[in-house]
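Chemist:
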Amino acid sequence: MQSSTSPGSLQQPARRIEAIDAARGIALLAMVSYHFTWDLEFFGYVPPGLTAFGGWKIYARCIASGFLFLVGVSLMLAHGNGIRWNGFGKRLAMIVAAAAAITVATWFATPGSFIFFGILHHIALASVLGLAFLRFPAWALALTALLVAAAPYYLRMPAFDHPVLWWLGLSTVSPRSNDYVPLFPWFAAVLAGMAAARFARDFGLLARLGGELPQRATRPLVTIGQHSLAFYLVHQPVLIACIWLFAQIWPAAVQSPAAGFLNACESYCRESRDQTFCTAYCACMFDAVQNDGAIDNVMRGEQTVELSSRLGELASACTVETDMSLMGEEK
0 MQSSTSPGSL QQPARRIEAI DAARGIALLA MVSYHFTWDL EFFGYVPPGL
50 TAFGGWKIYA RCIASGFLFL VGVSLMLAHG NGIRWNGFGK RLAMIVAAAA
100 AITVATWFAT PGSFIFFGIL HHIALASVLG LAFLRFPAWA LALTALLVAA
150 APYYLRMPAF DHPVLWWLGL STVSPRSNDY VPLFPWFAAV LAGMAAARFA
200 RDFGLLARLG GELPQRATRP LVTIGQHSLA FYLVHQPVLI ACIWLFAQIW
250 PAAVQSPAAG FLNACESYCR ESRDQTFCTA YCACMFDAVQ NDGAIDNVMR
300 GEQTVELSSR LGELASACTV ETDMSLMGEE K
């Protein structure tokens, strides 16, 4: 990440912009806080579904958006005046290798929800695709970002339901993965970052960001931001190891599959309906899934078109049944 020497210049800057490194460091620490809570959920210390719905879900999306925005900023600042292929190739190779390592590790650790296209996979692809947009003016980048963000609302269709195409983000099936950051709509955040960097360069705003930050207050953030890939790869194994050691001394209370299903169902349901409806609806869903013989498949996190279709049918039936039941009680 570099700074320009004059307003509107695309000259090769002399050094990194510490404010951007610090922003990346803040995003990394926010990510640690989310992953720590996710790990607590995984080990059973907080209710199932806590991090997948509501405020925690919004928090996670803000963190991912921030990371990808900074990817776009860095891509524009580093290569806006010409692609530096050696540096680009080396960094891309490291990101691809790290993404592949995460896929392999999670395939063995959590096969039902392994990471096949997470944020590192997205960064690798976005870094390549972003090269095609380096010469775009800020307004064109911003417009393209809006179109990419809106794409899932208009292009989602069963033709993209095959797992090979899940990385696009246009399927009608919601893949189960511990980290899923498909091309659409998330590439919009990268394009938005590129637009912001282009705008800042065109109007000479980079000079204001190029100054040194207070050393004592920001040096840790800058250091973390400058080593973001290493920090990303190391932090989660460290968190899991710490919680695992804690669990050997103070294990979490064992929760039955029924309780786990109901808690996760109600957390999701409460995003759109009230508690009374969700309690009755989720009880109906649990009975329906259990009677259908699919409870084990659901609890294992299996993702197939057939299972998703069947769950959709059961959900529709339980919604109608619950609404009618509550309407009868009101009368």
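For the record, in the sequence shown the residue sitting at position 279 is 278 according to numbering that gives the first Met the number 0, with numbers rising by one throughout.
For each residue, glycine too, the CB sits at the ideal point set by N, CA and C.
Nothing here was measured: the structure is a model prediction, and the numbers come from that model.
Would you call the segment 29-43 and the segment 149-164 in contact, with 3 or more CB pairs under 8 Å?
Modeler: Not touching, per the Cβ criterion.
Chemist: In terms of alpha-carbon separation, which member of 273, 237, 255 lies closest to residue 295?
Modeler: Translated into the one-based positions of the sequence shown, residue 295 becomes position 296. Among 273, 237, 255, the Cα nearest to that of residue 295 is on 255.
Chemist: For a quick check, are the C-beta atoms of residue 58 and residue 251 less than 7 Å apart?
Modeler: Position 59 of the sequence shown holds residue 58. Position 252 of the sequence shown holds residue 251. Not a contact, by the Cβ cut-off of 7 Å.
Chemist: Terminal residues of the continuous alpha helix (DSSP H) containing residue 265?
Modeler: Within the sequence shown, residue 265 is the residue found at index 266, counting from 1. Residues 256-268.
Chemist: How would you label residue 271, buried or exposed, when you count the other beta carbons within 10 angstroms and need 16 or more for buried?
Modeler: In the sequence shown, counting from the first residue as 1, residue 271 sits at position 272. Exposed, by the Cβ-count rule.
Chemist: What residue does the alpha helix (DSSP H) around residue 276 start on, and which one ends it?
Modeler: As a first step, residue 276 is located in the sequence shown; it is residue number 277 there, counting from the start. 274-290 is the span of the alpha helix (DSSP H), which, as asked, contains residue 276.
Chemist: Would the beta-carbon of residue 280 fall within 7 Å of that of residue 321?
Modeler: Walking along the sequence shown from the start, residue 280 turns up at place 281. Walking along the sequence shown from the start, residue 321 turns up at place 322. Cβ atoms of residue 280 and residue 321: closer than 7 Å.
Chemist: Can you give me the Cβ contacts of residue 62 inside the same chain, cut-off strictly under 8 Å, excluding the 5 residues immediately before and after it?
Modeler: Taking the first residue of the sequence shown as 1, we reach residue 62 at position 63. Only 26, 29, 30, 33 meet the Cβ criterion.
Chemist: Rounded to a whole number of angstroms, what is the C-alpha to C-alpha distance between residue 73 and residue 193?
Modeler: Residue numbering aside, residue 73 sits at position 74 when the sequence shown is read from its first letter. Residue numbering aside, residue 193 sits at position 194 when the sequence shown is read from its first letter. Between residue 73 and residue 193, the C-alpha separation is close to 8 Å.
Chemist: Are the segment 94-104 and the segment 161-169 touching by the rule of at least three beta carbon pairs closer than 8 Å?
Modeler: No: the two stretches stay apart, fewer than three of their Cβ pairs being nearer than 8 Å.
Chemist: Please report how far the alpha carbon of residue 5 lies from the alpha carbon of residue 15, in whole angstroms.
Modeler: Within the sequence shown, residue 5 is the residue found at index 6, counting from 1. Within the sequence shown, residue 15 is the residue found at index 16, counting from 1. Confidence in residue 5 is poor, its pLDDT being 36 and thus under 50, which makes the residue's placement unreliable; the coordinate value appears in the next sentence. Between residue 5 and residue 15, the C-alpha separation is close to 15 Å.
Chemist: If you check the beta carbons only, do residue 147 and residue 187 fall under 7 Å apart?
Modeler: Here residue 147 refers to the residue found at position 148 when the sequence shown is read from its first residue. Here residue 187 refers to the residue found at position 188 when the sequence shown is read from its first residue. Yes, the Cβ-Cβ distance between residue 147 and residue 187 is below 7 Å.
Chemist: Taking DSSP as the reference, what is the three-state secondary structure of residue 33?
Modeler: One-based indexing of the sequence shown puts residue 33 at position 34. In the structure shown, residue 33 sits in a helix (DSSP, three-state: H, G or I).
Chemist: According to DSSP, is residue 10 part of a helix, a strand, or is it coil?
Modeler: What you label residue 10 is simply residue 11 of the sequence shown in a count that begins at 1. Because the pLDDT of residue 10 is 43, which lies under 50, any placement of that residue in the model is unreliable, and the question is left without a value.
Chemist: DSSP three-state label for residue 116, please.
Modeler: Walking along the sequence shown from the start, residue 116 turns up at place 117. Correct three-state label for residue 116: strand.
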